[in-house]
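Just so we're aligned: the sequence shown equals residues 15 to 385 in this note's numbering.
Taking it in order: structure first as structure tokens, then the write-up.
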Amino acid sequence: MSDEVDLQFGKGLISGYLSAIMGVLSLMGVLCFYYPEVFTSQEIRAAYSVDFVRGTLFVCLVIAYFMGVISFVLNRSKKLAVIGIVTSLVATLAGGSAVEVKVYESTPYSFGLDWFALSLIFSMLIFIPIERSFALHKEQKILRKGWRTDLAYFFVSHLLIQFILLFVTTFTEDWFGWTALAPVQNGIRSMPIWLQFIVATFAADLCQYTCHRFHHKIPMLWRFHAVHHSAEHMDWLAGSRTHLIEILVTRSIVMLPLYALGFEMAALNAYITLVGVQAVAIHANVGINFGWLRYIIATPQFHHWHHAKNHKYMDANYAVHLPVIDMILGTYRCPKDEWPEEYGIVSGKPPEGIWKQFWFPLKPRKKKKKP
Ligand SMILES: [Zn+2]
Ligand SMILES: [Zn+2]
Numbered sequence: 015m016s017d018e019v020d021l022q023f024g025k026g027l028i029s030g031y032l033s034a035i036m037g038v039l040s041l042m043g044v045l046c047f048y049y050p051e052v053f054t055s056q057e058i059r060a061a062y063s064v065d066f067v068r069g070t071l072f073v074c075l076v077i078a079y080f081m082g083v084i085s086f087v088l089n090r091s092k093k094l095a096v097i098g099i100v101t102s103l104v105a106t107l108a109g110g111s112a113v114e115v116k117v118y119e120s121t122p123y124s125f126g127l128d129w130f131a132l133s134l135i136f137s138m139l140i141f142i143p144i145e146r147s148f149a150l151h152k153e154q155k156i157l158r159k160g161w162r163t164d165l166a167y168f169f170v171s172h173l174l175i176q177f178i179l180l181f182v183t184t185f186t187e188d189w190f191g192w193t194a195l196a197p198v199q200n201g202i203r204s205m206p207i208w209l210q211f212i213v214a215t216f217a218a219d220l221c222q223y224t225c226h227r228f229h230h231k232i233p234m235l236w237r238f239h240a241v242h243h244s245a246e247h248m249d250w251l252a253g254s255r256t257h258l259i260e261i262l263v264t265r266s267i268v269m270l271p272l273y274a275l276g277f278e279m280a281a282l283n284a285y286i287t288l289v290g291v292q293a294v295a296i297h298a299n300v301g302i303n304f305g306w307l308r309y310i311i312a313t314p315q316f317h318h319w320h321h322a323k324n325h326k327y328m329d330a331n332y333a334v335h336l337p338v339i340d341m342i343l344g345t346y347r348c349p350k351d352e353w354p355e356e357y358g359i360v361s362g363k364p365p366e367g368i369w370k371q372f373w374f375p376l377k378p379r380k381k382k383k384k385p
């Protein structure tokens, strides 16, 4: 059954979905205020101020109420409006944006509900208007087929951020601590920050390229990576569709050169920002070819070809930051003014749904009958 929703103006659906999303996010925000030691992650918390979150939460509550009332009037099914109004009412009664944050002890074993809520709000705010203005597939709906699965991935990968980081750093430091050699690190740190950033991006993307290419060539790894390629529509949410084990493997491999070479924090932060923006941007439903810039940095067109339902292109464009890596290694394919007609997998597509897709690569495969 398709989960596509046509958000026609005037039917109370746009307001309904907005109200429900903002109401649920507001409730999550209040939970984060009450139980920061359980629901907020220490790394992410350092990136924002409590006042900023209070302001955002207040705006979300107002939108949830206002849109809920509009949807209640316009939409025959009151379900979305009721979800939005009830969740925002509970969030307000529980204290809303004015909840006092108690003194607590941070642990590395907490969820990133704050990271999920803030990322979702600001990704929607930035990418939906960009996609509406520069759409490649103009007929594609905001809530297109498969959006529920992708949102579930977005939720889980953000919620588990701290556990993913813990796994990656433990793996790197415990197994590859010997790679961090002082003379090499001193050499790297003597470089200006902008050069460190370029070297970090190149080194990390080279490792990502290798890992990604293995995922396409080794059948056992492909079953994990097939989940990412099962997306049949490209947009800002599609990139979230990645198997948890693939995230752990790829992030660990990418972390190795960053750890071993010992870049300064400013260069690493710039790289992390690039990863965050580009992971979303290269999947976006944006039909701009970016002129000469497309040879310098991975663009939506470059990565859309990697998602083409055609092996000639799917087994190419493995880099996610720097197309020059594909050019050097002979896997660059990006026709100048053309775009793929179809996305997805030619055969052996995983089932839809995050839970079914989690088990898909882990299930024993049926043996082929001998002729
Ligand atoms: Zn791939
Ligand atoms: Zn992708």
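Virtual Cβ for every residue (Gly too), placed ideally from N, Cα, C.
(message) On the DSSP letters alone, give me the boundaries of the alpha helix (DSSP H) that residue 216 sits inside.
(response) Locating residue 216 in the sequence shown gives position 202, counting from the first residue. Segment 207 to 231, the alpha helix (DSSP H) holding residue 216.
(message) Suppose the cutoff is 6 Å on Cβ atoms and the five residues either side in sequence are ignored; what does the same chain contact list for residue 26 look like?
(response) To locate residue 26, count along the sequence shown from 1; it is residue 12. Hits under 6 Å: 85, 88, 89.
(request) Tell me whether residue 296 counts as near ligand 2, meaning its Cβ is closer than 8 Å to at least one heavy atom of that ligand. (result) Working through the sequence shown from its first residue, we reach residue 296 at position 282. Residue 296 Cβ: within cutoff of ligand 2.
(request) To the nearest angstrom, report how far apart residue 251 and residue 337 are at their CA atoms. (result) In the sequence shown, the residue the question calls residue 251 occupies position 237. In the sequence shown, the residue the question calls residue 337 occupies position 323. Near 22 Å, if we compare the C-alpha coordinates of residue 337 and residue 251.
(message) Following a CB-centred definition, is residue 36 positioned closer than 8 Å to any heavy atom of ligand 1?
(response) Taking the sequence shown and counting its residues from 1, one reaches residue 36 at position 22. For residue 36, the Cβ stays outside the 8 Å cut-off from all heavy atoms of ligand 1.
(message) Just to confirm the assignment, what range does the alpha helix (DSSP H) spanning residue 326 have?
(response) Position 312 of the sequence shown holds residue 326. Where residue 326 is concerned, the enclosing alpha helix (DSSP H) stretches over 325 to 328.
(message) In the DSSP assignment, the alpha helix (DSSP H) including residue 46 goes from what residue to what residue?
(response) Along the sequence shown, read from residue 1 onward, the residue named residue 46 stands at position 32. Segment 27 to 48, the alpha helix (DSSP H) holding residue 46.
(message) For residue 374 and residue 167, I'd like the C-alpha separation in whole angstroms.
(response) Your numbering for residue 374 matches position 360 in the sequence shown. Your numbering for residue 167 matches position 153 in the sequence shown. Their Cα atoms are separated by approximately 15 Å.
(request) May I ask which residues mark the beginning and end of the alpha helix (DSSP H) holding residue 260? (result) Residue mapping note: residue 260 aligns to position 246 of the sequence shown, counting from 1. Looking at the DSSP string, the run of the alpha helix (DSSP H) that includes residue 260 is 258 to 275.
(message) Output needed for residue 16: all residues of its chain with C-beta closer than 7 Å, excluding positions within five of it in sequence on either side, in chain order.
(response) As a working note, residue 16 is residue 2 in the sequence shown. Here the set comprises 159.
(message) At a threshold of 8 Å, does residue 248 count as lining ligand 1 (C-beta to nearest heavy atom)?
(response) The count along the sequence shown starts at 1 and reaches residue 248 at position 234. No.
(message) Below 8 Å, is the gap between the Cβ of residue 95 and the nearest heavy atom of ligand 2?
(response) The count along the sequence shown starts at 1 and reaches residue 95 at position 81. No, ligand 2 has no heavy atom inside 8 Å of this Cβ.
(request) Leaving aside the five residues before and after residue 120 along the sequence, list all residues of the same chain whose C-beta is less than 6 Å from its C-beta, in chain order. (result) Counted from its first residue, the sequence shown places residue 120 at position 106. Hits under 6 Å: 56.
(request) Hey, could you find the ends of the alpha helix (DSSP H) residue 370 is sitting in? (result) Along the sequence shown, read from residue 1 onward, the residue named residue 370 stands at position 356. It spans 368 to 373 - the alpha helix (DSSP H) in which residue 370 sits, taken as one unbroken run.
(request) Below 6 Å CB to CB, which residues in the same chain sit around residue 297 once its five sequence neighbours on both sides are set aside? (result) Locating residue 297 in the sequence shown gives position 283, where the first residue counts as 1. Taken in chain order, the residues that qualify are 248, 252, 253.
(request) Select from 230, 184, 271 the residue whose C-alpha is nearest the C-alpha of residue 325. (result) The count along the sequence shown starts at 1 and reaches residue 325 at position 311. Among 230, 184, 271, the Cα nearest to that of residue 325 is on 230.
(request) Could you tell me the distance, in whole angstroms, from the CA atom of residue 92 to the CA atom of residue 100? (result) Position 78 of the sequence shown holds residue 92. Position 86 of the sequence shown holds residue 100. So the two alpha carbons sit approximately 12 Å from each other.
(message) Quick check on DSSP: helix, strand or coil for residue 79?
(response) Reading the sequence shown from its first residue, position 65 is the one you call residue 79. Residue 79 falls in the helix class under three-state DSSP.
(message) Tell me whether residue 318, by its Cβ, gets closer than 8 Å to a heavy atom of ligand 1.
(response) Taking the first residue of the sequence shown as 1, we reach residue 318 at position 304. Because no heavy atom of ligand 1 lies under 8 Å away, the Cβ of residue 318 does not count as near it: no.
(request) Note down the Cα distance separating residue 368 from residue 163, rounded to an integer number of angstroms. (result) For the purposes of this step, residue 368 is identified with residue 354 of the sequence shown, where counting begins at 1. For the purposes of this step, residue 163 is identified with residue 149 of the sequence shown, where counting begins at 1. CA-to-CA, the gap between residue 368 and residue 163 works out to about 6 Å.
(request) Take residue 194 as the anchor and find which of 275, 137, 257 has the nearest alpha-carbon. (result) Working through the sequence shown from its first residue, we reach residue 194 at position 180. Looking from the CA of residue 194, the closest CA among 275, 137, 257 belongs to 275.
(message) Do residue 176 and residue 124 count as a contact pair if the criterion is CB distance below 9 Å?
(response) The residue given as residue 124 occupies position 110 in the sequence shown. The residue given as residue 176 occupies position 162 in the sequence shown. Yes, the pair counts as a contact, with Cβ atoms nearer than the cut-off.
(request) Alpha carbon to alpha carbon, how far is residue 22 from residue 80? Give it in angstroms, no decimals. (result) The residue given as residue 80 occupies position 66 in the sequence shown. The residue given as residue 22 occupies position 8 in the sequence shown. Each residue's Cα considered, the two are about 19 Å apart.
(request) Pick out whichever of 145, 73, 127 has its Cα sitting closest to the Cα of residue 51. (result) Your numbering for residue 51 matches position 37 in the sequence shown. The shortest Cα separation from residue 51 among 145, 73, 127 belongs to 127.
(request) May I ask whether a heavy atom of ligand 2 can be found less than 8 Å away from the beta carbon of residue 230? (result) Looking up residue 230 in the sequence shown gives position 216. No, ligand 2 has no heavy atom inside 8 Å of this Cβ.
(message) Just list the residues that DSSP pairs residue 322 with in beta bridges.
(response) Locating residue 322 in the sequence shown gives position 308, where the first residue counts as 1. In the DSSP output, where bridge partners are listed per residue, residue 322 has 357.
(message) What does DSSP give as the partner residue(s) for residue 157 in the beta ladder?
(response) Translated into positions along the sequence shown, residue 157 becomes position 143. Answer is 19, bridged to residue 157.
(request) Check the C-beta distance from residue 75 over to residue 111 and give it rounded, since I have them as a contact under 8 Å. (result) Within the sequence shown, the letter at position 61 stands for residue 75. Within the sequence shown, the letter at position 97 stands for residue 111. 7 Å between Cβ atoms; contact.
(request) Flag this pair as touching only if the stretch 232 to 240 and the stretch 279 to 291 have three or more C-beta atom pairs under 8 Å; answer yes or no. (result) no
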